[in-house]
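Enquirer: Handing you this structure, nothing more for now.
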Amino acid sequence: MYEPIAGRFNGKALLVTGAGSGIGRASAVRLAAEGGKVLAHDVNADGLAETATIITTAGGTVETRVGDITTRGECFDTVAAAVAAFGKLDVLVNVAGIAASHHFTDMSEAAYRRMVAVNQDAPFFFCQAAIPHLLESGGNIVNVASNAGLMGQAYTVAYSMTKGAVIQLTKSLAMEYMKTPLRVNGIAPGGIESSLTAGYQMPDDLDWDFVGRYAGFRGMGVPQDIAQLVSLLASADGINIHGSILSSDRGVTAG
Ligand SMILES: NC(=O)c1ccc[n+]([C@@H]2O[C@H](COP(=O)([O-])OP(=O)(O)OC[C@H]3O[C@@H](n4cnc5c(N)ncnc54)[C@H](O)[C@@H]3O)[C@@H](O)[C@H]2O)c1
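When you line the sequence shown up against the numbering used here, it's residues -5 to 249, in that order.
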């Protein structure tokens, strides 16, 4: 289980956001283990350094960049840094994200704006910056959305909105670039054990009849569950997959 496929990304240059933790770290580690040169990005410098150590200890190639993706400039500069480091870009993996639970009318404007900036605006600007390079390399994009983008969820209205936007970003880009070799795909994870879920705060007066609907029946996955899908979609093995949102949620969106 979770065994990397050696050499699958030999000669490829990849950019992974949110690589300091959780799904982003697992993806960066897996892509590097499969031979890719990875630019790992995160706002969390310590987490990112830990990711880099894991990769280099295993003999992989990684560059790191610390920054906050809530500005368009950081998204464009990070893509430029990847191209400067590796001479090209083959794959963009948008993973960085934040989550929060509120009664709808209690969410502050600042919290709402930050959620949109990280989860929705940043993937948009990363795609804008990366696509010219991906068209040159015949590359592809993998966006990490969420089951929350596919279903209505109480108490996470803003999060669900932004993840729905990531799904539309994916599918609409897939249409706009249909006549090019560019592939654009997304993944919709259900609950995954990570710092995001470990630190998740919820108001204590929620109606659990609603929350149980999206917690599901089969427990949580681990970041490697998603990393292996990132790897599949980003590699030549995903050649026939374009404009797809792959659910990896233990059945949460089954019915
Ligand atoms: N964990 C889950 O249950 C779950 C489920 C569905 C979707 N997702 C999505 O998967 C992605 C990764 O989540 P995770 O569970 O690995 O969480 P995580 O908190 O472990 O990792 C997210 C990373 O994004 C980084 N980040 C946050 N804001 C940033 C900013 N402004 N600039 C740069 N980096 C920033 C964080 O520092 C962190 O390292 C997110 O987009 C999340 O919405 C997670």
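Cβ atoms here follow ideal geometry from the backbone N, Cα and C, with glycine treated the same way.
No experiment lies behind these values; they were computed from the predicted model shown.
Should the region 63 to 74 be called in touch with the region 128 to 135, which here means at least 3 C-beta pairs below 8 angstroms?
Expert: Touching, no, given that fewer than three Cβ pairs across the two stretches are closer than 8 angstroms.
Enquirer: Please report how far the alpha carbon of Asn38 lies from the alpha carbon of Met172, in whole angstroms.
Expert: For Asn38 and Met172, the distance between alpha carbons rounds to 36 angstroms.
Enquirer: Taking all protein chains shown into account, do 16 or more other C-beta atoms lie within 10 angstroms of the C-beta of Thr99, making it buried, or fewer, making it exposed?
Expert: Per the 10 Å Cβ criterion, exposed.
Enquirer: Let me make sure I understand the geometry here. Which of Lys31, Gly16, Met109 has the alpha-carbon closest to that of Gly1?
Expert: Measuring from the Cα of Gly1, the nearest candidate turns out to be Lys31.
Enquirer: Please state the DSSP three-state secondary structure of Val200.
Expert: Val is not the amino acid found at residue 200; the sequence shown has Leu there. Three-state DSSP puts Leu200 in coil, outside helix and strand.
Enquirer: Work out the CA separation of Asp115 and Gly232 for me, nearest whole Å.
Expert: Looking at the two C-alpha atoms, the distance is approximately 26 angstroms.
Enquirer: Taking 8 angstroms as the cut-off, does the region 40 to 50 touch the region 86 to 100 (at least 3 CB pairs, one atom from each stretch)?
Expert: No, they do not touch.
Enquirer: Under three-state DSSP, which class holds Lys31?
Expert: Strand at Lys31.
Enquirer: Determine the contact status of Asp36 and Ala20, defining contact as a CB-CB distance below 7 angstroms.
Expert: No.
Enquirer: Taking the alpha-carbon positions, what's the Ala111 to Val138 distance?
Expert: If you take the alpha carbons of Ala111 and Val138, they lie about 15 angstroms apart.
Enquirer: Mind checking whether Leu227 and Val136 have CB atoms under 7 angstroms apart?
Expert: It is a contact, given that the beta carbons lie within the stated cut-off.
Enquirer: Determine the direct distance from the alpha carbon of Ala78 to that of Gly245, and round the result to whole angstroms.
Expert: So the two alpha carbons sit approximately 41 angstroms from each other.
Enquirer: Excluding the five sequence neighbours on either side, which residues of its own chain have a C-beta within less than 7 angstroms of the C-beta of Asn234, listed in chain order?
Expert: Counting only Cβ-Cβ distances below 7 angstroms, and skipping sequence neighbours, we find nothing.
Enquirer: Given a cut-off of 7 angstroms on the beta-carbon distance, is the pair Ala49 and Val23 in contact?
Expert: The sequence shown places Ile at residue 49, not Ala. Their beta carbons are under 7 angstroms apart, which means Ile49 touches Val23 by this criterion.
Enquirer: Distance check for Met155 and Glu57, CA to CA, integer angstroms please.
Expert: Taking the straight line joining both Cα atoms gives about 32 angstroms.
Enquirer: Checking 7 angstroms against the spacing of the C-beta atoms, do Ser241 and Pro217 come in under that value?
Expert: No, the Cβ-Cβ distance between Ser241 and Pro217 is not below 7 angstroms.
Enquirer: So, with DSSP's three-state summary, where would you put Asn179?
Expert: Asn179: strand per DSSP, three-state reduction.
Enquirer: If we call anything under 7 angstroms between Cβ atoms a contact, is Gly184 one with Asn141?
Expert: Taking 7 angstroms as the Cβ cut-off, Gly184 and Asn141 qualify as a contacting pair.
Enquirer: Could you give the distance in angstroms between the alpha-carbon of Val60 and the alpha-carbon of Ile186?
Expert: Those two C-alpha atoms are separated by around 24 angstroms.
Enquirer: Could you tell me which residues DSSP puts in a beta bridge with Ile186?
Expert: Partner(s): Gly215.
Enquirer: Just mark His236 as buried or exposed, buried being the case when its beta carbon has 16 or more other beta carbons within 10 Å.
Expert: Classification of His236: buried, given that the 10 Å Cβ count is 16 or more.
Enquirer: Tell me the residue span of the beta strand (DSSP E) that contains Thr58.
Expert: Taken as a continuous stretch (DSSP letters only), the beta strand (DSSP E) holding Thr58 covers 55 to 60.
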